[in-house]
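*Asks:* Residue numbers (numbering that gives the first Met the number 0): 0 to 118. Can you read through this structure? Questions will come right after.
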Amino acid sequence: MSRRSARLALLTLAAGLGLLLLADGASGAEVKLPPDFPIRKSESSPGQVTFSHARHVAKVDTCSACHMRDLKMKRDASGPMTMAALEKGKLCGACHDGKTTLRGTRVFPLDQCDACHKD
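Written out as structure tokens, the structure is:
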């Protein structure tokens, strides 16, 4: 098999898998979301942050709205969760910038501390 044929076969396989995943998502199959989890708290943090996939998916509909764009699928693989990173538009800061809207509603900005940080 030539390299070109091998690439074409791999591309066809990837496209077929993609279509299969799209069809499965369209079938209404429920995705099992990870449980809520605490984000590591730094010494200067005003309070604990607990991330909820369920709350976010209810607002954005798909996992890929964040994952594959702003966040990697494996926890901590996207780098440290710091306010400096968020303020640069990384991680949560990609949407929580005070400008982004979802379904006509503005996403709360990073300076609304108590929206995430709890005592």
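C-beta: ideal position from N, C-alpha, C; glycine also.
I need the boundaries of the beta strand (DSSP E) containing Val-176, first residue and last residue.
*Replies:* Since the displayed the chain opens at 0 and closes at 118, residue 176 lies outside it and no answer follows.
*Asks:* Rounded to whole angstroms, what is the Cα-Cα separation between Cys-91 and Asp-110?
*Replies:* By one-based count along the sequence shown, residue 91 stands at place 92. By one-based count along the sequence shown, residue 110 stands at place 111. Looking at the two C-alpha atoms, the distance is approximately 12 Å.
*Asks:* For the ligand SAH, I want to know if Met-82 counts as a neighbour, meaning its beta carbon is within less than 7 Å of at least one of the ligand's heavy atoms.
*Replies:* Although the ligand SAH was asked about, the structure shown includes no ligands whatsoever.
*Asks:* For Leu-70, count neighbouring C-beta atoms within 10 Å of its own C-beta (all shown protein chains included) and say buried if the count is 16 or more, exposed if not.
*Replies:* By one-based count along the sequence shown, residue 70 stands at place 71. Leu-70 should be labelled buried.
*Asks:* On a Cα-Cα basis, can you pick out the residue from Arg-102, Thr-104, Leu-85 and Leu-32 that is closest to Asp-96?
*Replies:* The sequence position of residue 96 within the sequence shown is 97, counting from 1. For Asp-96, the nearest C-alpha among the options comes from Leu-85.
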